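The opening residue of the sequence shown carries number 139 in our numbering; numbering runs sequentially from there.
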Amino acid sequence: MSSDSKSKVLFVAHVPPPNHGAAIVGERVLSIISKIYDCKLLRLSNSKSISSMGKGRTLSNVIFVLALYLKTFFYLIFYRPKIIYITPSLSGFAFLRDLPLLVLFYIYLFFSKSKVICHVHMRPLLLMDSSILMTAWCFLSIKFEVILLSKSLRNDFSKNFNPKKLHLLSNTSQVKYDKNEPLKGRQSILYIGHIMESKGAIRLLALAQKFSSKNVTFHFAGEFGGEADRAKFFNLMEHLPEGLVYYHGPVSGEQKVRLFNSADLLALPSFSEAQPLTIIEAFSCGLPVVATRTGGVVDMLDNSIGRCVEFDNFESAIIEVLGLGKGNFEQRCLNKYSRCFSESKFISECLNIFKAN
Numbered sequence: 139m140s141s142d143s144k145s146k147v148l149f150v151a152h153v154p155p156p157n158h159g160a161a162i163v164g165e166r167v168l169s170i171i172s173k174i175y176d177c178k179l180l181r182l183s184n185s186k187s188i189s190s191m192g193k194g195r196t197l198s199n200v201i202f203v204l205a206l207y208l209k210t211f212f213y214l215i216f217y218r219p220k221i222i223y224i225t226p227s228l229s230g231f232a233f234l235r236d237l238p239l240l241v242l243f244y245i246y247l248f249f250s251k252s253k254v255i256c257h258v259h260m261r262p263l264l265l266m267d268s269s270i271l272m273t274a275w276c277f278l279s280i281k282f283e284v285i286l287l288s289k290s291l292r293n294d295f296s297k298n299f300n301p302k303k304l305h306l307l308s309n310t311s312q313v314k315y316d317k318n319e320p321l322k323g324r325q326s327i328l329y330i331g332h333i334m335e336s337k338g339a340i341r342l343l344a345l346a347q348k349f350s351s352k353n354v355t356f357h358f359a360g361e362f363g364g365e366a367d368r369a370k371f372f373n374l375m376e377h378l379p380e381g382l383v384y385y386h387g388p389v390s391g392e393q394k395v396r397l398f399n400s401a402d403l404l405a406l407p408s409f410s411e412a413q414p415l416t417i418i419e420a421f422s423c424g425l426p427v428v429a430t431r432t433g434g435v436v437d438m439l440d441n442s443i444g445r446c447v448e449f450d451n452f453e454s455a456i457i458e459v460l461g462l463g464k465g466n467f468e469q470r471c472l473n474k475y476s477r478c479f480s481e482s483k484f485i486s487e488c489l490n491i492f493k494a495n
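Spelled out as structure tokens, the structure:
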């Protein structure tokens with residue numbers, strides 16, 4: 139199909155780098171729809187690393203955002219997209235960056251028969267603290283189609299949240315199960331993701347001390363959120379027994395696959411999550427998960443595939459799951475992935491959202 143005959147999509151989203159959940163999914167959605175649509179990509183951020191994210195008041199970022207507004211206006215006038223896809227940030231400074239774009243798209247809909255798809259990858263923490271901003275979002279989204287990651291995340295919004303269409307689209311994983319991964323003498327607990335206090339990495343490291351007398355190792359992998367997180371992590375690690383904790387740095391590809399397949403349990407003691415990719419990646423490898431009760435995590439976990447608990451019960455949940463053994467959960471985790479989070483399911487549902495009138 140020639141580009142002239144394809145419907146036009148303006149894709150305003152995060153793509154790697156850096157590698158965070160919204161960027162990874164954004165890249166995957168773009169690769170799917172670009173096969174059948176004529177797509178123009180506008181990046182929502184110029185950050186190249188996790189530690190540089192959220193620093194919106196630097197001169198380079200201000201220039202980037204102003205250029206983003208101009209490019210968006212240009213594409214609306216001259217490209218005339220039939221579909222606008224945006225992954226708006228609903229928390230922190232980034233929402234104030236994205237709000238003018240949402241207003242611009244809202245106005246554009248009065249002059250076209252296009253549709254706007256807002257793919258929400260996070261909990262709306264800023265909106266939950268501001269009735270004015272929540273009202274603004276609810277007003278704008280009346281004309282938008284909104285994608286949420288799971289049903290329970292609807293509860294984060296006010297009762298006035300009533301988008302034109304509401305879609306549920308779970309994330310997916312491309313990490314593959316390796317049943318031939320060799321067994322080890324010690325059970326291993328894996329934390330993989332951004333090493334940040336808000337993600338629970340620091341409190342999990344502190345909890346590791348309580349396992350020093352057990353036949354267990356903790357493996358951390360990921361990029362630090364900033365220098366403060368790095369300093370806090372290694373300061374804690376220095377006071378732990380040698381051989382209890384290993385830090386692997388940022389991982390991808392085969393190294394990431396090996397970590398998932400060789401672990402006995404994924405631990406995610408986060409303070410706030412929407413639908414963590416790491417949990418889906420764990421399921422795709424038959425790995426049970428112990429996570430805190432927050433956001434969309436409650437829709438993902440039950441006792442047949444791990445534990446979803448308050449952090450006060452995190453230690454006992456880990457001990458319980460390790461005691462039962464990975465083999466007790468493995469097939470049920472694989473079934474959960476196939477049923478709810480498979481790549482084929484994601485592709486089919488994603489295309490249906492774009493094609494729907």
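Think of the CB as a built atom: it goes at the ideal place given N, C-alpha and C, for glycine as much as any other residue. All values reported here derive from a predicted model rather than from experimental measurement.
Consult DSSP for residue i and reduce its assignment to one of helix, strand or coil.
i	result
Val153	coil
Ser308	coil
Tyr475	helix
Leu228	coil
Val313	coil
Asp176	strand
Ile443	coil
Thr273	helix
Ser482	helix
Lys302	coil
Val147	strand
Lys289	helix
Glu283	strand
Phe295	coil
Ser185	coil
Leu328	strand
Ala366	helix
Leu382	coil
Met139	Unreliable positioning characterises Met139 in this predicted model, as indicated by a pLDDT of 47, which lies under 50. A coordinate reading is not provided.
Leu239	helix
Leu425	coil
List the whole-angstrom C-beta distance separating residue i from residue j, where the pair is believed to meet the contact cut-off of C-beta under 8 Å.
i	j	result
Ser311	Glu419	4 Å
Ser145	Lys220	4 Å
Pro156	Lys178	Contact doesn't hold; Cβ gap of about 22 Å is too wide.
Pro407	Phe452	6 Å
Phe492	Ile285	The pair is not a contact, with the Cβ atoms about 11 Å apart (cut-off 8 Å).
Pro301	Ser336	28 Å between Cβ atoms; not a contact.
Pro388	Glu361	5 Å
Of all the options the options, which has the alpha carbon lying nearest to the alpha carbon of residue i?
i	options	result
His464	Ile333, Lys317, Ser476, Leu179	What sits at residue 464 in the sequence shown is Lys, not His. Here the closest residue by C-alpha is Lys317.
Met334	Leu328, Asn309, Lys370	Lys370
Ser351	Asn293, Asp294, Arg261, Glu380	Glu380
Asn309	Lys173, Phe421, Pro301, Cys446	Phe421
Gly444	Asn300, Asp294, Ala429	Ala429
Phe295	Lys483, Ser227, Cys276	Cys276
Arg235	His257, Ile255, Asn199	Asn199
Phe97	Ala274, Ile215, Ile255	This structure cannot settle anything about residue 97, because the visible part of the chain is limited to 139 through 495.
Lys253	Lys303, Gln413, Ala232	Lys303
Leu415	His305, Arg368, Cys478, Leu180	Cys478
Leu462	Ser480, Ser482, Pro426	Pro426
Lys348	Tyr244, Glu392, Tyr475, Ile456	Ile456
Arg218	Tyr244, Leu148, Phe282, Leu242	Leu148
Val354	Gly323, Ile485, Lys281	Gly323
What are the boundary residues of the alpha helix (DSSP H) that includes residue i?
i	result
Phe421	415-422
Leu263	263-267
Leu342	339-345
Asn159	At residue 159 the sequence reads Gly, which differs from the Asn that was named. Gly159 -> alpha helix (DSSP H) spans 159-171.
Gly391	391-400
Ala203	In the sequence on display, residue 203 carries Val and not Ala. First-last of the alpha helix (DSSP H) with Val203: 197-212.
Val258	From DSSP, Val258 is part of no alpha helix (DSSP H); its letter is neither H nor E.
Leu378	Run containing Leu378: none; DSSP gives neither H nor E here.
Met334	Neither: Met334 is in no alpha helix (DSSP H) and is coded neither H nor E.
Do the CB positions of residue i and residue j come within less than 8 Å of each other?
i	j	result
Val313	Lys394	yes
Tyr223	Ala151	yes
Leu382	Ala346	yes
Asp402	Gln469	no
Ala307	Glu487	In the sequence as displayed, the identity of residue 307 is Leu instead of Ala. Result yes, Cβ atoms of Leu307 and Glu487 sit closer than 8 Å.
Ile188	His386	no
His259	Thr210	no
Leu264	Leu271	yes
Gly434	Leu287	yes
Leu343	Met375	yes
His357	Leu328	yes
Asn399	Cys423	yes
Pro154	Ala160	no
Ser290	Val436	yes
Leu204	Tyr315	no
Arg261	Ala412	yes
Would the C-beta of residue i count as close to the ligand MG, meaning under 7 Å from any of its heavy atoms?
i	result
Ser250	As far as ligands go, the structure on display features none, and thus does not contain the ligand MG.
Could you tell me the boundaries of the beta strand (DSSP E) in which residue i lies?
i	result
Gly461	From DSSP, Gly461 is part of no beta strand (DSSP E) but of the alpha helix (DSSP H) over 452-462.
Phe358	354-359
Tyr217	Tyr217 -> no beta strand (DSSP E), and no H or E assigned at all.
Leu404	403-406
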